[in-house]
Each structure stands twice: as structure tokens, then as C-alpha cells.
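The structure under discussion appears below in the form of C-alpha cells.
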Amino acid sequence: MADRSRSFMKDVKRVVIKVGTAVVTREEGRLAVGRLGALCEQIKQLNSLGYDIILVSSGAVGIGRQRLRYRKLINSSFADLQKPQLELDGKACAAVGQNSLMALYDILFTQLDVTSAQLLVTDNDFRDEDFRKQLTETVKSLLSLKVIPVFNENDAVSTRKAPYEDSSGIFWDNDSLSALLALELKADLLVLLSDVEGLYSGPPSDPHSKLIHTYIKEKHQNEITFGDKSRVGRGGMTAKVKAAVHAADAGIPVVITSGFAAENIINVLQGQRIGTLFHKDAHEWVQVKEVDAREMAVAARECSRRLQAISSEERKQILLKIADDLEANEKIIRTENEADVAVAQQAGYENSLVARLALKPGKIASLANNVRIIANMEDPIGQVLKRTELSDGLILEKTSSPLGVLLIVFESRPDALVQIASLAIRSGNGLLLKGGKEAKRSNAILHKVITEAIPDTVGGKLIGLVTSREEIPELLKLDDVIDLVIPRGSNKLVSQIKSSTKIPVLGHADGVCHVYVDKSANVEMARGIVLDAKLDYPAACNAMETLLIHKDLIEKGWLNDIVVDLRTEGVKLYGGPRASSLLNIPQAHSFHHEYSSLACTVEIVDDVYAAIEHINLYGSAHTDSIIAEDKEVANVFLRQVDSAAVFHNASTRFSDGARFGLGAEVGISTSRIHARGPVGVEGLLTTRWILKGSGQVVDGDKGIVYTHKDLAA
571 MADRSRSFMK
581 DVKRVVIKVG
591 TAVVTREEGR
601 LAVGRLGALC
611 EQIKQLNSLG
621 YDIILVSSGA
631 VGIGRQRLRY
641 RKLINSSFAD
651 LQKPQLELDG
661 KACAAVGQNS
671 LMALYDILFT
681 QLDVTSAQLL
691 VTDNDFRDED
701 FRKQLTETVK
711 SLLSLKVIPV
721 FNENDAVSTR
731 KAPYEDSSGI
741 FWDNDSLSAL
751 LALELKADLL
761 VLLSDVEGLY
771 SGPPSDPHSK
781 LIHTYIKEKH
791 QNEITFGDKS
801 RVGRGGMTAK
811 VKAAVHAADA
821 GIPVVITSGF
831 AAENIINVLQ
841 GQRIGTLFHK
851 DAHEWVQVKE
861 VDAREMAVAA
871 RECSRRLQAI
881 SSEERKQILL
891 KIADDLEANE
901 KIIRTENEAD
911 VAVAQQAGYE
921 NSLVARLALK
931 PGKIASLANN
941 VRIIANMEDP
951 IGQVLKRTEL
961 SDGLILEKTS
971 SPLGVLLIVF
981 ESRPDALVQI
991 ASLAIRSGNG
1001 LLLKGGKEAK
1011 RSNAILHKVI
1021 TEAIPDTVGG
1031 KLIGLVTSRE
1041 EIPELLKLDD
1051 VIDLVIPRGS
1061 NKLVSQIKSS
1071 TKIPVLGHAD
1081 GVCHVYVDKS
1091 ANVEMARGIV
1101 LDAKLDYPAA
1111 CNAMETLLIH
1121 KDLIEKGWLN
1131 DIVVDLRTEG
1141 VKLYGGPRAS
1151 SLLNIPQAHS
1161 FHHEYSSLAC
1171 TVEIVDDVYA
1181 AIEHINLYGS
1191 AHTDSIIAED
1201 KEVANVFLRQ
1211 VDSAAVFHNA
1221 STRFSDGARF
1231 GLGAEVGIST
1241 SRIHARGPVG
1251 VEGLLTTRWI
1261 LKGSGQVVDG
1271 DKGIVYTHKD
1281 LAA
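Quick note: the sequence shown uses this note's numbering, first residue 571, plus one each step.
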């Protein structure tokens, strides 16, 4: 996603890219051919797009050292190897390595139909004004011919006494050389590729270190703790930061980012918030008070503990006030929501998304009613689930307890914010919410109404609203602060989150719900259920996406009747192999497909067992229903369909927390661990063990008699 602070990227024409030794080489010192290939492919693409690309490449000394060590090893006798091994001459390493490095660049660029040129420089060269002028002319000529200049410091003939340690001179390593070249050649951007994602507040290996997206000299220069130097190069992050600050102060924006990611340079130029940006105007972009992801999560945990400490009646009163305030502010909530809907329609969003976004008449009253239902539920916290006498006078209790801090990422539906916040408060959990940008104004006003109803004794930071998509990757790293992630949205969203975090994830990736109409079905009942399951709310995850019909219903004429009914209601039909041929409708590209619109798949099956096999193979384990009068057939379906919710003679649309009497839901889970189906208050709880004794000690179990007697809870 593009970052407004990087909007200047659209004007970038000339880019200097510096690639470090840790990117060029692998751990053992050999060339990292795959990474270099990906780098060259990006440069090729940018070159063809009209960018002027200048490459500064480290790695020659490291490569040369590895090759000379190998050469020395194979030419040494066993006796030679017993002697102390002297360090190889750095200048010789540079000379050998530079040849290998440029040979590889030449091969890779040639394969991509790109020409490269080698330019070796020393710091003394830049003391000569004529050299600097000629350098500029040469590079200008090469760029006009679409040739990629590849620079490196000529360490082999450097006149410094200690070329790999001495920091004197006009430049002292390839990081500072790249900054100097960016200034000399009037570049619009300098990209420094490293072996980490960017600049961190501390060593990247420290889990408490945070990636700094924008470097503010006044804020960060005294806060950052650097880790070790580069494993192979001269500088490491300290050298990169010095070079970046120098270039940025002179007016050249700089981004430090990872050279390990295949598309990072292209993504940087597209304005994505990757790596660390250095810019002379960065201090003007920083908000007066910046709350980062960790601070928000820690604040939510602290507030949740205060919430748990108050009485059940006080938690109930918070929810009742939220319900009242929602109704009192209905007009402004509707106004903000209508603004979101108008923007979404103008932007050309799909109808299904706009439908989920809109708070229709009566929705606020319905939400307020659901909040009151949750408020009046029995207090779920501290319930004794099991009592056991371990021994005389030693009582163990298993009790219900809040999970801690929840992160909910949801798309489109602002009503989800109210449901989730209410459940979190009733269950004593802290909450971080990230809604879709299309519901920005709706989410903001709902969050304001809800948090203003929370008393200061608990704190409004109990529920944090994440407003930037770029904060999500940082939040997903906080497995020490956030206890559960619940994504509500597209398959892509859920899959991305599951693959990006160590935090447990509860949710479903798809809502591929089926209705199977058996030959024994009451056809009028079946008609009503099928139409409701598809038409009541086509964008919902519990809407019917596949209709399975017993083959005997073809001869009875019911198949044609239901097809006519669906088409009359505007439903576009796709078929499986049997149905598409029989009904002359387009064949579905996949049986595992969630339309979320007025469309569905139709297929014909031989019997209930074929229907079960189809659902278990192609379904998403969400909600599936059978329409049948034969109870034996129905029971087979109910037992063998492996989904979170399985219905008999009822619409799939009943798969909903509010309709189940849960008051609301944070989502529907297709997981098999912790919670499954619509997740209400109980799904946001875990357990604790409370042991009450009278001075008992273990002492090798010598003086204790275990009774393990169940007691009334």
C-alpha cells in the first residue's frame, strides 16, 4: 500500500542502488547467485520503464578472500596446514574478487539483454575536479545508451594505510561512496540494500526492537542501539545510517531496505512503506504524538486487567451505556456511514462490498439491542467449570478467564466493530481493531461512541482502533502482547495473516456453503430454503454458494422449477459437469468458490453419500444444510458432513452469533481447536486453575492421600 510520506517517488527518475556484501554473498562467502539474479531482473525492469539506474556493488573483497583461501588450501601440504595461517592480503582479495563479481554481473545482465559497465574509483580520484567532471560525462553517456554503470571502490590500489578500517578520506566504504555518487550524479533517490528489513530501534535479533519506517534525526539519533557490524562487509548498519543521513541532509532521499526480498526496489519506487526512509523534510511529517503498535497493545492489556477487576454489574452498565449512546448518536453514525458508501460507489467497489458497508435503516437499533442482550448475559468471567477435591482440604477449581488482548482485522462491515467490542467488554478482553479503509469514517465514529462510554477507571484505550494498514505487520509480530488474531474478510486476507504471525489465528478463509436437496425433500420447503439461503444476504459468508440436487428431482421437474426461480431473482447460475450439460449453463471454474453475490453453482448428485463426499471435498467447513423428510438420510448427513455448522431443513443463513443467541459474534471459525462455528463470548475465554489449600506440601507425596473427588461446581 502506498504511503503518503513517499508520494515524491512518482517524480523519481535517477536512482543509485547500493548492494552490500551480505546481500551479494552467502554465509560461506560464495556468490549469492539467486539474489543477484533477482536484483538484475528488477534493474532490467526499471531500465525498461525509463529509470536511470546506477549500481554500487560491494562484495569483491569477500569473494576474493573465499577464492584465495580455497586456492591456498589445495596448494598446501599437510605440514603447511599445521602452521599458523596468516590473514590473506586484502588488496589481493579485492583484485581477484572484483574480476569474479563483474564477470557474474556481465553474465546476468547479458541474459536479460542489458549491457553493464564497470567503473572502479578511489577516494583520491574525487580530489581531482577534472575527474569529477569526466565521471559525470561518462555516466551521462552510459545512461543515455541504457547501460548500467556498476561502481565499486578500487580497494586493490587504494593508498589508505588500512583500507578496510581507516575511515579517513572523501569516502570510506561503498555506503559513503554511494551517497557521494548520488550527490555528484544528481540522483533523485538512493536505495541501500541490506540483509535486514531496514533500521531498527535496537539489534534486529532483539524481539523488542521495532522497525523505524521514517528516520527523524532529532528523535532517533540518540535512541538507536546498533547491533554487530556486517558479517562480511566493512560497515554494517552504522555506516549505512551515516551515509543515509549525509545524503538526506543534502537533499537526496534514501531508503534502507532488504536486498533479500525479490521485488523490494520496485515496491520502494511504487511508494510502498518498506524499509526506512531518510528525508530532509521527515521531521515535518511526524505527528505530535505517535502511538506505535506495541504501545497500543500494551495499553489494551493494562485496561483489560482493570476491566476484569471491576464487578460484573459495572461491566454490564458499560455495555448498556454503549447501547444507549449508539441510539443517541444514530444520526451522525448514519451520516458518516453514508459518506463511506458514497465514496465506495464512486470508486467502483463491487456491489457485494458496498452492501456489507452500508448500515441500513434499523441496523443501529438492531446493534443496540444485541449489545443489551450481551450485557444481560450471565457473567462469563470467573465461572467455576469444575471443582475437584485433590486431597482432604485441598480443592482445585477450573475457572473461565479472559484470553487477554485480541486483534481483529475485518473488511467492509462497520457493524462488526460494535459486535466485537461488545463481546470483548463482556468477556474482559482488551481489543485492537483494524477495519477496511472503505469504512474509515464509520469505524471512527463508532469507535468514538463506544470508547467514550468506557469509564476512566477502565480506560478508553481498552479498545484501540488501528488506522493504518502498515501497522498490521508490526502488530502480527507481537506474540508476547497479543493473544489471538481473528481475521474477518476475504480468503486472501485470512491466508496472509495466517502465514505472517506466530499468534494463534481463529477464523475461516472461505464461506463455501452448500444446500443439498434430497429426493425425499418437501419441494415447497426446499424452494423457500434455497431462495432464502441465496437471496437473503448474498454477500454474507453463510449464504449458499453451491446447490446440490438429487438426480431423481430432474424427472420430477423440480430442478427446472428452482432454476427458473433463481434466474427470476437475478441469480447467475454456473454448473458442475452434469448440471452445466443438462441446463446449458456455463461450467463453474471451481467447485471451491465463494461468489458473495447473486451467483451460485448447481450440481446433480446420485444420493446423500455423493453429496457428503462433494461437500467434504470442495466445501470450506463453514455451514451446510440438507433438505429431506427421510430422517435416516438426514442423520447420515448431520453425522458425516465435517463442517462447523450442519443444518436439517433450515437455511444456512441461520449460522450467525446473534441468531444462535450469542448476542453477537466476533466471527465464524472453521478451526477445530478452541472454538468452532459462530464465536461469541465463550470463544473469547480460556481457563485458569485455582488451587485452595491449608498448608499442604508435596514432599515426594509421602504424607498426602489423593482423593480426586468431583465436587459440585
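C-beta atoms are modelled at their ideal positions from N, C-alpha and C, and glycine is treated no differently.
Remember, it's a predicted structure, so these values are computed and weren't measured experimentally.
Straight-line gap, residue i to residue j (C-alpha atoms, nearest Å)
| i | j | result |
| --- | --- | --- |
| Cys610 | Ser628 | 15 Å |
| Ser922 | Ser982 | 10 Å |
| Asp862 | Asn1130 | 58 Å |
| Ile892 | Arg1258 | 29 Å |
| Asn1219 | Ser1090 | 12 Å |
| Gly660 | Asp745 | 19 Å |
| Gly607 | Gly634 | 20 Å |
| Ile1185 | Thr1171 | 13 Å |
| Asn1205 | Val1055 | 35 Å |
| Gln842 | Glu1199 | 57 Å |
| His816 | Glu854 | 18 Å |
| Gly1247 | Ile623 | 53 Å |
| Phe830 | Glu597 | 13 Å |
| Ile1196 | Ile1073 | 36 Å |
| Leu1002 | Glu1235 | 16 Å |
| Ile1024 | Ser1225 | 31 Å |
| Arg697 | Leu750 | 12 Å |
| Lys1007 | Arg926 | 13 Å |
| Ile1033 | Ile951 | 19 Å |
| Gly1237 | Asp1102 | 21 Å |
| Glu967 | Ala1169 | 52 Å |
| Asp736 | Met807 | In this prediction, Asp736 scores a pLDDT of 46, lower than 50, which makes its location untrustworthy; no coordinate-derived value is stated. |
| Thr685 | Leu616 | 14 Å |
| Ala1214 | Lys1062 | 21 Å |
| Asn940 | Asp895 | 14 Å |
| Ser1151 | Ile613 | 50 Å |
Exposure of residue i, with buried meaning 16 or more beta-carbon neighbours within 10 Å
| i | result |
| --- | --- |
| Ser992 | buried |
| His1278 | exposed |
| Ser714 | exposed |
| Phe701 | exposed |
| Gly775 | Sequence check: residue 775 is Ser here, not Gly. It is exposed - the Cβ of Ser775 has fewer than 16 other Cβ atoms within 10 Å. |
| Ser1166 | buried |
| Tyr1276 | exposed |
| Gly1250 | buried |
| Gly821 | exposed |
| Gly620 | exposed |
| Ala1009 | buried |
| Thr1240 | buried |
| Asn907 | buried |
| Gln636 | buried |
Contact belief for residue i with residue j at Cβ below 8 Å, rounded distance in angstroms
| i | j | result |
| --- | --- | --- |
| Val631 | Asp725 | 6 Å |
| Ala1113 | Val975 | About 32 Å separates the two Cβ atoms, so there is no contact after all. |
| Gly590 | Ser764 | 6 Å |
| Tyr1107 | Arg1223 | 7 Å |
| Ile782 | Leu769 | 5 Å |
| Ala818 | Lys850 | 5 Å |
| Cys530 | His1244 | No answer is possible for residue 530: the residues shown for the chain start at 571 and end at 1283. |
| Val717 | Gln688 | Going by Cβ atoms, the distance from Val717 to Gln688 rounds to 11 Å, so no, they are not a contact pair. |
| Val1148 | Glu1125 | The residue asked about is misnamed: residue 1148 is Arg in this sequence, not Val. Not really, about 14 Å apart at Cβ, beyond 8 Å. |
| Gly845 | Glu767 | 6 Å |
8 Å Cβ cutoff, residue i in contact with chain C
| i | result |
| --- | --- |
| Pro823 | Included in the structure is just one protein chain, with no chain C present. |
The ligand GDP heavy atom lying under 7 Å from the CB of residue i
| i | result |
| --- | --- |
| Leu1048 | Here there are no bound small molecules, and the ligand GDP is not part of this structure. |
Report the residue ranges of all alpha helix (DSSP H) runs contained in full by the region 1076 to 1110; include only those spanning at least 4 residues, in chain order. You should have 1093 to 1105.
Three-pair Cβ contact test at 8 Å for the region 1046 to 1056 versus the region 1079 to 1086: no
List in chain order: all unbroken alpha helix (DSSP H) runs of 4+ residues lying wholly within the region 1147 to 1180. 1147 to 1153
Which ranges does the beta strand (DSSP E) cover as unbroken runs of at least 3 residues, wholly within the region 801 to 875, from first to last along the chain? 824 to 828 and 846 to 848
Quick check: the region 873 to 880 against the region 986 to 1000, are there 3 or more CB pairs under 8 Å? yes
List in chain order: all unbroken alpha helix (DSSP H) runs of 4+ residues lying wholly within the region 642 to 723. 648 to 652, 660 to 681 and 699 to 714
Along the chain, which unbroken stretches of the beta strand (DSSP E) at least 3 residues long are found entirely within the region 995 to 1045? 1000 to 1004 and 1033 to 1035
Ignoring anything shorter than 4 residues or poking outside the region 752 to 796, list the alpha helix (DSSP H) runs there in chain order. Segments of the alpha helix (DSSP H) lying fully in the region 752 to 796: 787 to 790.
For the region 701 to 712 against the region 672 to 680, do three or more pairs of beta-carbon atoms, one drawn from each stretch, fall closer than 8 Å, so that the two count as touching? no
Does the region 921 to 937 come within contact of the region 965 to 974, defined as at least 3 CB pairs closer than 8 Å? Taking a cut-off of 8 Å for Cβ pairs, the region 921 to 937 and the region 965 to 974 do not touch, as fewer than three such pairs fall below it.
Length-filtered (3 minimum) beta strand (DSSP E) runs lying within the region 954 to 981: 954 to 961, 964 to 972 and 975 to 980
Touch check for the region 1013 to 1027 and the region 1055 to 1068: three-plus C-beta pairs under 8 Å? no
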